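Top line first, the protein sequences correspond to chains A and B.
Position 231 of the first sequence, counting from 1, maps to 230 under numbering that gives the first Met the number 0, and the rest follow consecutively.
Position 13 of the second sequence, counting from 1, maps to 12 under numbering that gives the first Met the number 0, and the rest follow consecutively.
Heads up, the beta-carbon is just placed ideally off N, CA and C, and yes, glycines get one too.
In this text the structure is predicted, and so the values were computed from the model without any measurement.
Following: one structure in structure tokens, then a few remarks.
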Amino acid sequence: MSARSTKSSVRPTSRTADHPLGQIAEPSLGPAASLEAAGPSGLGRKWAAVFLTPSAVLIGVFLIFPAAWTLYLGLTNFSLVGFAAAHTTFEGLANYRNAITDPEFGNSLLITLVYVFGSAIVGQVVLGFAMAWKWKDWRSPLRRAVEALAIIAWIVPSSVVAFLWISYLQGNIGPLVEQGTLDFILHISTNWLLQFPLLSLIIFNVWRGSAFSMMLFNGALQSVPPSYLETARISGASEFQQLRDVVLPRIKGHVLTDVLLISLWTFNDFTPYLLTAGGPNGQTETLPVFVYKVAFQQGNLGYASAISLIMLVINSVIAVVYLSLLRSRNT
Amino acid sequence: MASVSVESLTKVFPNGVKAIDGVSLSVDDGEFFALLGPSGCGKTTLLRILAGLEAPSAGRIRIGGRDVTKVPPAGRNVAMVFQDYALFPHMSVADNIAYPLKVHRVEKSTRRRRAEEVGSGLGLAALMDRRPGQLSGGQQQRAALARAMAADAVLFLFDEPLSNLDARLRMEARTLLKRLHREVRKTTVYVTHDQSEALALADRIAVMDHGVLRQVGPPAEIFHHPGNLFVAGFIGSTPMNLLPARVLDGQVVVAGEVVPAWAPAGAGTTREVVLAVRPEYVDLVPEHLPGSLPAEVEVVEDLGTTHLVTLRGPEGAIQAVVPETRAPTPGERLFAVPDWSRASFYEPDTGERLRDVPAEGAEAPAIASPGTLTLGSETAR
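Next up, the structure:
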């Protein structure tokens, strides 16, 4: 706390101190400076460059170039098929203007936000925390079993769980499985993926992802000394007061980190496509699904690139908001 | 204010460990009661059961006459100070002290007033708006004390509150605790493994070992008349000298020497006993005296104003505390003269004290008056 304030008072004009990534970027000056200072006994700049080259080449080829290429494509009408495939022209910001007025894009963005809010923030974070909190003092094998199940849901490949959920909710995946398992159990006939597509996806994603939050919060709750909670209990604090006064202030950083990671993952999650392929009638067309459709089904790579960039900007905004929240708790 | 009574309390943990085994005790209203014992003896578990943080497997607890065995911690009106102080790092000192009031929805200005009132009594007035992380160990300890006092509880529970302080601060805090207790006279149960803390602070001490009470009594009784060999070995800055002895026709014989000690009537006429005497009550003399034991000096440890001398005697090692001016040198052959009148006798098999002391005025085995033999022991203490 005090270290940070002295730093900004030493360099009051520096912009980096105000930048959310400033803190992360700054320490990287350290090793380079010490390398130089190492003098004849150190490696020297030349060798440092030699060692850095392979990774720099890999990053350049597989990360920076595609990113720049996407940026460029977003400004063109480049397509996989048709006239524009042969005669790509530079369109400026036309793709971005289209996106803003495109009702499909607006719809897709709204669906994505509902999906992120419902399944990530409310679902996974809250449920994950609830599980970690409620089972905190359990030492029984039952807890291990439930935890193991939750973790399995998280680590099994998307394609496998998607298949399982289709057979669970919908059936019709072969001559023998006509009815979804859930319908079979409940003796009803509801095609969940058709009648409640977004809700089904949200529940699916909560089921799939809560284990991560649970594990993260398990670790976070370990960092709360038992005597804190016991002091609160002896003072007469209710469970809500214990959470509000003792636990949450202590693990605020963990909560923000969890929310950040989960929001970004869910925002960019492509698994919905495996379950519903964006349907029915676009009701589950989240942005990643939308981009996929525009790019590879409609072949409109230019427009898809532009939307990808918009997604990147949204992701960055989310990240910056969380990081500044994370930083503000220290001041 | 409240008395505490514990009736045949037992605690068995799920892993089968029996932490407390049928403990019964009572603490009077306003008493400072210490639970003393080596680590793992069950003293902290007992304290946590009193707080309601652990449920007993069997037995009953009353606080102020009310049966609280099944009452949750919040309903017991107790305050606890933990070894790590458990001050909330995100709250100011004032907020920490007034936290019990906040929980009970006391108005903010009242809380602040109460925090300052209690805090200033403990020298925290200038630190009210600091965070615990900005306080020294001693200040944190006092803030934790203040929080316990602000709660207006009927019973204070202390779980080794001084053990995170360095030696010097610990002494200061100990004095402070004693003064505080004299002022507020609140019933206090104090857990410690440090016998000097227990002896200095407590009105009564309960010595625990393996989940049972080995002795309960005032510090002087515990110190001078340990009820059994466990307490004899545990209490005192140096362990008691334990000498195998024999009672023969009412006379006490140690290493073939008839010594001027009272043979306890309970010992019968002829039997083996263990005789215990504190190193502080052992003097060293150059010449043989009646009832003295020949011994060779092995180790001399400088304790500042005194020296702890370890000698090899006829019945194994014997330790003596002598004044700094009379430190012997290793290899020297001397005679150890225990103050036999201060010796206690124990049953060798059970380790229990043979209590039955002869009636007042009974004639001592007349060899020499014990008083004349304790030349150095007065100054040594």
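By the C-beta density criterion, residue 236 of chain B is exposed, having fewer than 16 other C-beta atoms within 10 angstroms.
At a cut-off of 8 Å between beta carbons, residue 52 of chain B contacts chain A.
Not a single C-beta of chain B is nearer than 8 Å to the C-beta of residue 158 of chain A. Taken in chain order, the whole beta strand (DSSP E) runs of length 3 or more contained in the stretch 216–304 of chain B are 240–247, 250–253, 256–258, 269–276, 281–284, 292–301. Short of 6 Å from the beta carbon of residue 242 of chain B, and not among the five residues preceding or following it, lie these beta carbons of its own chain, in chain order: 253, 274, 314. Beta bridge pairing from DSSP links residue 25 of chain B with B:4. In the three-state DSSP reduction, residue 291 of chain A falls in the helix class (H, G or I).
Contact annotation: in the stretch 246–259 of chain A, residues whose CB is within less than 9 Å of a CB in chain B are 248, 249, 251. Secondary structure of residue 94 of chain B (DSSP, three-state): helix.
Annotation: residue 90 of chain B to residue 245 of chain A spans about 10 Å, alpha carbon to alpha carbon.
Shown here, residue 118 of chain A sits in a helix according to DSSP, grouped into three states. Counting along the chain, the unbroken beta strand (DSSP E) around residue 79 of chain B starts and ends at 77–80.
Under the three-state reduction of DSSP, residue 58 of chain B is assigned to strand. Across the stretch 94–114 of chain B, CB contacts with chain A closer than 7 Å involve 98, 99, 102, 103, in sequence order along the chain. Here residue 196 of chain A is near residue 283 of chain A, since their CB atoms are less than 8 Å apart. By the C-beta criterion, the stretch 63–74 of chain B is judged to be in contact with the stretch 218–234 of chain A, since at least 3 inter-stretch pairs fall below 8 Å.
By the neighbour-count criterion, in which 16 or more other beta carbons inside 10 Å mark a residue as buried, residue 328 of chain B falls on the exposed side. A Cβ-Cβ distance of about 41 Å is found for the pair residue 289 of chain B and residue 192 of chain B, leaving them out of contact under the 8 Å criterion. Judged by beta-carbon spacing, residue 137 of chain A lies beyond the 8 Å limit of residue 220 of chain A, meaning their Cβ atoms are not closer than that value.
With a threshold of 8 Å between beta carbons, residue 167 of chain A makes no contact with chain B.
Residue-level contact by beta carbon fails for residue 157 of chain B and chain A, as no gap is shorter than 8 Å. Using a Cβ-Cβ cut-off of 7 Å, residue 224 of chain A is close to 83, 85 of chain B, given in chain order. For residue 257 of chain A, no beta strand (DSSP E) encloses it; the enclosing alpha helix (DSSP H) starts and ends at 247–266. For the beta strand (DSSP E) assignment, the uninterrupted runs of no fewer than 3 residues enclosed by the stretch 142–193 of chain B are, from N- to C-terminal side, 154–158, 186–191. Residues of chain B whose Cβ lies closer than 8 Å to the Cβ of residue 261 of chain A do not exist, since the nearest Cβ in that chain is about 24 Å away.
Between residue 102 of chain B and residue 240 of chain A, the C-beta gap is smaller than 8 Å, which places the two residues in contact. A residue is called buried once 16 or more other Cβ atoms fall within 10 Å of its Cβ, and residue 45 of chain A, having fewer, is exposed.
DSSP, reduced to helix, strand and coil, places residue 276 of chain A outside both helices and strands of the structure shown, so it counts as coil. Within chain B, the residues placing a beta-carbon under 8 Å from that of residue 240 of chain A are 102, ordered along the chain. Distance from the Cα of residue 77 of chain A is smallest, within the candidate group A:311, A:304, A:316, A:315, for A:304.
Using a Cβ-Cβ cut-off of 8 Å, residue 78 of chain B counts as an interface residue toward chain A, since at least one Cβ of chain A sits closer than that to its own.
Interface residue (Cβ-Cβ distance to chain A less than 8 Å): residue 192 of chain B is not classified as such. Scanning A:223, A:289, A:325 for the CA closest to the CA of residue 88 of chain B turns up A:223.
DSSP, reduced to helix, strand and coil, places residue 298 of chain A outside both helices and strands of the structure shown, so it counts as coil. Legend: CB atoms of the stretch 158–192 of chain B lying less than 7 Å from CB atoms of chain A are not found in any residue. Residue-level contact check: residue 209 of chain A does not touch chain B, since none of the beta carbons of chain B fall below 8 Å from its beta carbon.
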